[in-house]
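One line per chain: the protein sequences are Z and X, in this order.
Under this note's numbering, residue 113 is the last one in the first sequence; the count climbs by one each step, no gaps.
Under this note's numbering, residue 226 is the last one in the second sequence; the count climbs by one each step, no gaps.
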Amino acid sequence: DAGVIQSPRHEVTEMGQEVTLRCKPISGHDYLFWYRQTMMRGLELLIYFNNNVPIDDSGMPEDRFSAKMPNASFSTLKIQPSEPRDSAVYFCASSKGARETQYFGPGTRLLVL
Amino acid sequence: GDSVTQMEGPVTLSEEAFLTINCTYTATGYPSLFWYVQYPGEGLQLLLKATKADDKGSNKGFEATYRKETTSFHLEKGSVQVSDSAVYFCALVKGTSYGKLTFGQGTILTVHP
Chain Z
1 DAGVIQSPRH
11 EVTEMGQEVT
21 LRCKPISGHD
31 YLFWYRQTMM
41 RGLELLIYFN
51 NNVPIDDSGM
61 PEDRFSAKMP
71 NASFSTLKIQ
81 PSEPRDSAVY
91 FCASSKGARE
101 TQYFGPGTRL
111 LVL
Chain X
114 GDSVTQMEGP
124 VTLSEEAFLT
134 INCTYTATGY
144 PSLFWYVQYP
154 GEGLQLLLKA
164 TKADDKGSNK
174 GFEATYRKET
184 TSFHLEKGSV
194 QVSDSAVYFC
204 ALVKGTSYGK
214 LTFGQGTILT
224 VHP
């Protein structure tokens with residue numbers, strides 16, 4: 001299996017621009033998670049889905065952030081408009097079952113200038 | 114709410130030294146416990162896990178035992194290598210939390226030759 005795939009791996013954009021991060025979970029996994037990692041705040045869960053349905057989005061920092069999962073093999077995290085404080089590494093993870101191991105993608109390093 | 118507390122880092126050791134990274138948790142019910150490792154520039158990957166009290170997880174020479182009486186899941190390795198240098202995260206998940214992992218803050222380990 002190819003593992004969790006994320007794109008792009010690196011993104012540099014200017015403040016105010018729209019940013020879209022993409023994730024392909026492992027085939028057969030029914031949970032998908034979006035995390036953000038920064039030096040100051042550590043690893044934060046933003047939102048997660050079960051069978052393509054958002055279960056908990058309480059970690060989404062504000063309305064500028066949105067996430068979708070139109071099908072079992074694809075999810076997006078969108079930031080519009082982006083701000084410098086959104087600079088972080090964004091990870092996608094998937095698992096087969098609620099208590100099972102989460103498999104992380106390599107992350108997208110986002111820099112907002 | 115649920116929480117995970119790891120020992121403060123960073124931890125610096127010489128090669129072949131003994132490693133302990135403490136992890137304690139607060140949670141109701143019977144969580145599953147995990148140690149994840151993050152190598153520089155990469156996503157998190159599962160190191161080991163335990164799903165019930167007194168279970169011992171082990172992998173790559175690392176071990177951790179699920180101690181319900183002390184609510185702990187300390188990570189140990191008898192002889193560390195330079196290649197073990199990474200950030201280590203303790204985490205828990207409960208069946209009732211629909212897969213929402215609660216992470217500790219992470220412990221940076223540096224091993225010198």
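Don't be surprised by glycine CBs; every beta carbon is placed ideally from N, CA and C.
This one's a predicted model, so the numbers in the text were calculated from it and none came from an experiment.
Just the chain Z side, please: which residues come within less than 7 Å of K213 (chain X) by C-beta, in chain order?
Numbered from 1 along the second sequence, position 100 holds the residue referred to as residue 213 (chain X). Neighbours of K213 (chain X) on chain Z, chain order: L45, Y48 and D56.
Name the two residues that bound the continuous beta strand (DSSP E) containing R64 (chain Z).
Your numbering for residue 64 (chain Z) matches position 64 in the first sequence. That residue, R64 (chain Z), is in no beta strand (DSSP E); it is neither H nor E in DSSP.
Euclidean distance between Cα positions of M140 (chain Z) and N52 (chain Z)
The requested residue 140 (chain Z) does not occur in the structure, where chain Z is confined to residues 1 to 113.
Report back the beta-carbon spacing between L45 (chain Z) and F202 (chain X) to the nearest angstrom; my notes put them in contact at under 8 Å.
Against the first sequence, residue 45 (chain Z) aligns to sequence position 45. Against the second sequence, residue 202 (chain X) aligns to sequence position 89. The pair is not a contact, with the Cβ atoms about 13 Å apart (cut-off 8 Å).
Grab the span of the beta strand (DSSP E) containing F186 (chain X) for me, first residue to last.
Within the second sequence, the letter at position 73 stands for residue 186 (chain X). Run containing F186 (chain X): none; DSSP gives neither H nor E here.
Taking the alpha-carbon positions, what's the R119 (chain Z) to F104 (chain Z) distance?
Since the first residue shown for chain Z is 1 and the last is 113, residue 119 (chain Z) is missing from the structure and cannot be characterised.
Per-residue burial, I134 (chain X) [other beta carbons within 10 Å of its own, 16 or more giving buried]:
Locating residue 134 (chain X) in the second sequence gives position 21, counting from the first residue. So I134 (chain X) counts as buried.
Can you say whether K61 (chain X) is buried or exposed, counting buried as having 16 or more other CB atoms within 10 angstroms of its CB?
Not covered by the structure: residue 61 (chain X). The range shown for chain X is 114 to 226.
State the DSSP-derived secondary structure class of P84 (chain Z), mapped to helix, strand or coil.
In the first sequence, counting from the first residue as 1, residue 84 (chain Z) sits at position 84. Residue state, collapsed to three classes: helix.
From Z:H10, Z:V12, Z:C23 and Z:Y35, residue whose alpha carbon lies closest to that of A2 (chain Z)
What you label residue 2 (chain Z) is simply residue 2 of the first sequence in a count that begins at 1. Comparing Cα positions, the closest option is Z:C23.
For S95 (chain Z), which three-state DSSP category applies?
The residue you call residue 95 (chain Z) lines up with position 95 of the first sequence. In the structure shown, S95 (chain Z) sits in a strand (DSSP, three-state: E or B).
How is S116 (chain X) classed by DSSP in three states: helix, strand or coil?
As a first step, residue 116 (chain X) must be located in the second sequence, where it is residue number 3. Three-state DSSP puts S116 (chain X) in a strand.
For D197 (chain X), name the three-state secondary structure that DSSP assigns.
Within the second sequence, numbered from 1, the residue matching residue 197 (chain X) stands at position 84. DSSP places D197 (chain X) in helix when its eight states are reduced to three.
Nearest to K169 (chain X) by CA position, among X:F186, X:P153, X:L132 and X:G156, is which residue?
To locate residue 169 (chain X), count along the second sequence from 1; it is residue 56. Comparing Cα-Cα distances from K169 (chain X) to each of X:F186, X:P153, X:L132 and X:G156, the minimum goes to X:F186.
So for S78 (chain Z), helix, strand or coil by DSSP?
Stepping through the first sequence from its first residue, residue 78 (chain Z) is reached at position 78. Before going further, note that residue 78 (chain Z) is Lys rather than Ser in the sequence given. Three-state result, K78 (chain Z): strand.
Mind listing the chain Z neighbours of G219 (chain X)? Cutoff is C-beta to C-beta under 8 Å, in chain order.
Position 106 of the second sequence, counting from 1, holds the residue named residue 219 (chain X). Under the 8 Å cutoff, chain Z gives G42 and L43.
Over what stretch of residues does the beta strand (DSSP E) that includes D56 (chain Z) continue unbroken?
Looking up residue 56 (chain Z) in the first sequence gives position 56. Here the beta strand (DSSP E) through D56 (chain Z) covers V53 to D56.
Within the same chain, show all residues whose beta-carbon is closer than 7 Å to that of G59 (chain Z), passing over the 5 residues directly before and after it, in chain order.
As a first step, residue 59 (chain Z) is located in the first sequence; it is residue number 59 there, counting from the start. Here the set comprises E44, L45, L46 and I47.
May I ask you to verify whether the region 182-201 of chain X touches the region 128-146 of chain X, counting CB pairs closer than 8 Å and requiring at least 3?
yes
Exposure label - A93 (chain Z); buried when at least 16 CB within 10 Å
Stepping through the first sequence from its first residue, residue 93 (chain Z) is reached at position 93. Answer is buried; the Cβ neighbour count reaches 16.
Around the C-beta of V150 (chain X), are 16 or more other C-beta atoms found within 10 angstroms, so that it is buried, or is it exposed?
Here residue 150 (chain X) refers to the residue found at position 37 of the second sequence. Buried, since its Cβ has 16 or more Cβ neighbours within 10 Å.
L205 (chain X) versus Q119 (chain X): straight-line alpha-carbon distance, rounded:
For this step, residue 205 (chain X) is matched to residue 92 along the second sequence. For this step, residue 119 (chain X) is matched to residue 6 along the second sequence. Taking the straight line joining both Cα atoms gives about 12 Å.
What are the boundary residues of the beta strand (DSSP E) that R109 (chain Z) is part of?
Position 109 of the first sequence, counting from 1, holds the residue named residue 109 (chain Z). Start and end: T108 to V112.
Would T215 (chain X) be called buried (16 or more neighbouring beta carbons within 10 Å of its own) or exposed?
In the second sequence, counting from the first residue as 1, residue 215 (chain X) sits at position 102. Looking at its Cβ environment, which holds 16 or more other Cβ atoms inside 10 Å, T215 (chain X) is buried.
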